[in-house]
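Here is the structure we will look at, set down as structure tokens.
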Ligand code: HEA
Ligand code: HEA
Ligand code: CUA
Ligand SMILES: [Cu+2]
């Protein structure tokens, strides 16, 4: 029996080993790329140490106590009251005090707002994210460009249901709540592209409500912002130009905005720079010309329940033109 | 050891005749025997357990591979909503109420619960509300808003179908059963204890059910209100949660979790009560720190009403307020620590006998330890911001719910079913079942912690490959089936025992509490003569006495066989359990069933928005209540 | 037979309340929690509102409502009288006092219904209106149930089913009625008085 228990402990140790190794992967909260996530990762490693110690000691006590009587006969001189006082109250209390201090400390650090923060407005939609840069008039969707090393203040709202904004490698979650704007502040330390997700259940396509945060050097970020401020863009090719016409003619313009054109719909994501996005449909598929055509034809087949109608009756030529046009918008 | 006055065979026959339910269908619908009702509770709850477990297994098939197409997003959402809802409302709470119903009168040395008809009523409500919720599958519109049904997702504009109404009305409906049951437990525990069973001699399981009941009384109204306002918004167009109408969506969350957090301890406390009964018996040593444990149960109950906001850490409530709830959530660890070390000390001082029930208790300790520790981790505010709504939380709550609650319940089956059915379960099969469940459980739910770290949110119907989630999910799915197989082994063991199990003696485990003084299964009247309790462990060191009843005082008369013949129960003083009064046990009646059907009609009427059905339901319900009142004092002698 | 049979001294019966009474105590506790949850919701929503009551809705009137508050709270007095008469076995007084309390309760309920029929705002208008009517309505339902219980008990008294020895139902009813009265103090203070304070 005791051998079996020992084997269990070994298995547990291996599991914990895998756990810690596995957590080093991409998207992981213990592979932080921002000061906020970094802070939390620090809290985690401290807790992990304490937790491992508590588990090993207490599980050890359990297994020892359970098998003791079989090995030794004599009555135990264990004093119930002291044992419970020390194991159940005093030691846990000390550990909890440490955790409480860490909690208060980290919380105040994570929730102090710095004055120089860049404000970005993010709106949770069904099932995508609208992104606005106040003061610059720039609107985009599902991709958030931010400068490295600058505190970012994300202002979170929703005009529909509750969502939650989560970029594991940069910061913890914050809900977007109708009627109650929230703020989340964080600073990214490394240039790169970090996946984010909606973390609060928001209906059919909660699974496909992803976004990317693109961390750039301040210079790159400045260039990106300047380019995005400088609409209108002209269609690059003939096919694209005819795509633009189809876009105006069909229902598209009623739902989507394309900067510098008559398309000013606000139901769906702003498509002014849709060609530059890595993914389509808030993470549903990769953004390739072929996928773009498939999306236009029947978005619902790719993302069931999507709030965009399908356009299966559009001639192939129009769909191709639309796709070419949209892909050219960078 | 025979401890109480035994009836002669003729008297026994007369007792039998006096107490017997009508055979067949009438007896089925009109019985008020707490044992029959308790068993039904347990059977029905397990039916729901296997059904919602089956839902989870299908979900696991869908999640086994990236971008799988087993379930559509709609169906997936319906499945996890019903899985969580049924597990919490239709399995976990009622199964504990079932054990309580069966065992508490026996442990107290009483002949029934204080309100036997109310008891039957609460079962029928439970059954009908369960069927109400499940019927949503039949009409093809099961609830799909998650087990906490956050508004505005569940408001009419975003969920126009009938799905959410099943949920909103269903949880109010089942809440009636839980509440009525709790009233019954509280009064029974205070007023029906055998003479001499002072509060500090009550078995810990009774303590835990007392705490359970008080928590139900104080917590359930909150979810009733939460769901009622939701339904008012949905059915009658009120504006409680409507942002445009000046309402608040966070109000719903506060109301829900003010019940929701205590609820998880409502589930957990009786489970620890079971463990506190099992460990001492198989350690051959009285529970170390009895007073500690009882105090811990009461303390947990109090603290648990002050931590609900830890489920709302990411809602943007000011950090200062959140820190308070974070600290309160940390403090709640201490009573659990106390219980833990009391159990360890008990085993330490005794000699542990590894029966199946004991293995489940040990498995519980190892699992709950981890689930508790991850609970402490998510109580740490900044850390929770990272892992909330991720699979880390799914791991936490399966370690505590599926581990720290289901394992003790399985232990309790192995421990008490022989008393209930009169047949022993097979120990070998039991041990195989335990190890299958234990290993399956850990392999299935441990990796979920890691998935949470890797950024996998909960409640997603599918995911892309290349995120590092594939292997772990596959592993989890396979192990879930291993766990499920373990539970089916116990099911098989149970069925087998009904036909081929060895006959159970009165006290197969050499246990210490009163339920083991009667035969297995106990006679309808439980105790021919009520035992007089002389200590905390009536079957170990303080054997109960029988009472001299010659002097005809009604309250002492009821203690003896005469009382049993007259279908009377002695009522004792709340604190020191001295005989005080007599309570007649009602004859079988259809009233509870009729009243429950009336209430069910009310809910169906609301669901299909047919006023007439609702009105008929209300009238039937009212008529039954009036009738009840009308007859009340006739049953009191 | 390990311990000898013993004699026990029972407690005098009058010292305790019947189990049904205790059951009602617990039931009332949980009912009180329903009201507490609703009243807490009221203040929670108010805390998030800029103007209370919202524009377009008048402050609750305080003349008629005060009068009927006095009527409802006053109806506890005949109930106390009834309890007193019960233990002394004056069954006529029991019947009379029950009837008086019944009429007072009925008057109160009538006033609530009158209010609802002559409403200046409906329950769908906004969260304030929803809270106002639903809380008021829930209390009215409690009054109605109390009246129903009272009616049953009265019939029992008339037909001699309640005796000085057996009077569980009137006792249980009395407790419930006191609760319905008591909770009105809080409902009234919240719905009618608190909007006048700012
Ligand atoms: C049986 C049910 C049960 C139990 C017992 C617990 C126990 C605990 N839970 Fe858990 N919890 C749930 C069921 C339960 N929980 C459920 C269902 C949810 C999710 C709901 C949902 O979102 O769907 C949840 C979610 C949940 C959250 C919210 C997470 C989130 O959504 O982001 C939090 C946060 O504080 C939390 C905390 C705790 C704590 C501190 C304990 C403590 O009581 C644990 C204390 C016990 C121990 C720690 C072990 C024994 C102690 C010792 C041996 C002493 C030494 C130990 C130390 C010093 C660490 N729980
Ligand atoms: C007591 C509570 C309890 C229990 C015991 C379980 C048991 C299990 N749970 Fe449950 N779970 C919850 C409570 C519970 N769960 C809650 C509250 C949620 C949250 C819901 C929400 O987010 O809204 C949840 C969510 C949840 C999820 C997350 C879904 C998501 O977020 O997307 C997953 C995923 O793996 C899961 C899996 C499992 C599995 C594999 C089991 C296994 O233990 C199941 C084992 C299987 C069986 C025991 C069945 C055996 C039966 C058969 C093999 C067929 C026989 C059939 C008949 C007789 C009809 N559960
Ligand atoms: Cu948006 Cu989930
Ligand atoms: Cu909680």
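Residue numbers (our numbering), protein chains in the order written: chain P, 91 to 420; chain R, 1114 to 1750; chain A, 96 to 293.
Built from N, CA and C at the ideal position, the CB exists for glycine as well.
Buried or exposed for residue i, going by 16 or more other Cβ atoms inside 10 Å?
| i | result |
| --- | --- |
| residue 113 of chain P | Only weak support exists for where residue 113 of chain P lies, its pLDDT of 48 falling under 50; the coordinates are left without a value. |
| residue 146 of chain A | exposed |
| residue 408 of chain P | buried |
| residue 1335 of chain R | buried |
| residue 405 of chain P | exposed |
| residue 1063 of chain R | This structure cannot settle anything about residue 1063 of chain R, because the visible part of chain R is limited to 1114 through 1750. |
| residue 1674 of chain R | buried |
| residue 253 of chain A | exposed |
| residue 154 of chain A | exposed |
| residue 111 of chain P | Reliability fails at residue 111 of chain P, whose pLDDT of 47 lies under 50, so the model's placement of it is uncertain and the value that follows must be treated cautiously. Result: exposed. |
| residue 84 of chain A | Residue coverage of chain A in this structure runs from 96 to 293, which leaves residue 84 of chain A outside it and unanswerable. |
| residue 341 of chain P | exposed |
| residue 287 of chain P | buried |
| residue 1376 of chain R | buried |
| residue 1129 of chain R | exposed |
Using beta-carbon positions only, say whether residue i and residue j come within less than 7 Å of one another.
| i | j | result |
| --- | --- | --- |
| residue 1396 of chain R | residue 1476 of chain R | no |
| residue 1429 of chain R | residue 144 of chain A | no |
| residue 1362 of chain R | residue 1265 of chain R | yes |
| residue 1484 of chain R | residue 1512 of chain R | yes |
| residue 1643 of chain R | residue 1672 of chain R | yes |
| residue 1149 of chain R | residue 1590 of chain R | no |
| residue 132 of chain P | residue 1454 of chain R | no |
| residue 1775 of chain R | residue 1411 of chain R | There is no way to answer for residue 1775 of chain R, as the model of chain R reaches only from 1114 to 1750. |
| residue 134 of chain A | residue 227 of chain A | no |
| residue 1238 of chain R | residue 1290 of chain R | yes |
| residue 364 of chain P | residue 419 of chain P | yes |
| residue 333 of chain P | residue 346 of chain P | no |
| residue 1440 of chain R | residue 190 of chain P | yes |
The beta strand (DSSP E) spanning residue i covers which residue range?
| i | result |
| --- | --- |
| residue 285 of chain P | 282–288 |
| residue 256 of chain P | 253–257 |
| residue 1751 of chain R | Residue 1751 of chain R is absent from the model: chain R starts at 1114 and stops at 1750. |
Along the chain, where does the alpha helix (DSSP H) containing residue i start, and where does it finish?
| i | result |
| --- | --- |
| residue 494 of chain P | Outside the shown range of chain P, which is 91 to 420, sits residue 494 of chain P, and nothing can be said about it. |
| residue 1461 of chain R | 1446–1462 |
| residue 280 of chain A | 263–283 |
| residue 234 of chain A | 222–253 |
| residue 1407 of chain R | 1403–1417 |
| residue 408 of chain P | 406–418 |
| residue 248 of chain P | First-last for residue 248 of chain P: 241–248, but that is the beta strand (DSSP E), not the alpha helix (DSSP H). |
To which residues of the same chain is residue i closer than 7 Å at the C-beta, ignoring the five residues directly before and after it?
| i | result |
| --- | --- |
| residue 140 of chain P | 185 |
| residue 377 of chain P | 367, 368, 369 and 370 |
Tell me which residues share the same chain as residue i and place their Cβ nearer than 8 Å to its Cβ, disregarding the 5 neighbours each side in the sequence.
| i | result |
| --- | --- |
| residue 1593 of chain R | 1169, 1170, 1173, 1553 and 1557 |
| residue 183 of chain A | 259 |
| residue 282 of chain A | 130, 134, 230, 231 and 234 |
Apart from the five residues on each side of it in sequence, which residues of its chain come closer than 6 Å, Cβ to Cβ, to residue i?
| i | result |
| --- | --- |
| residue 213 of chain P | 220 and 247 |
| residue 224 of chain A | 216 and 218 |
| residue 234 of chain P | 221 and 303 |
| residue 119 of chain P | 258 |
Identify every run of the beta strand (DSSP E) within the region 1616–1698 of chain R, keeping only runs that are complete inside it and at least 3 residues long; order them along the chain.
1681–1685 and 1692–1697
Which whole runs of the alpha helix (DSSP H) in the region 134–170 of chain A are 4 residues long or more, in chain order?
159–169
Positions along the region 263–275 of chain P whose CB lies within less than 7 Å of some CB in chain B:
In summary, chain B is missing from the structure at hand, where the protein chains are P, R and A.
Jot down the residue ranges of each uninterrupted beta strand (DSSP E) in the region 1470–1500 of chain R, minimum 3 residues, whole runs only, in chain order.
none
Enumerated in chain order, which unbroken segments of the alpha helix (DSSP H) with a length of 4 residues or greater are wholly contained in the region 1218–1268 of chain R?
1229–1251
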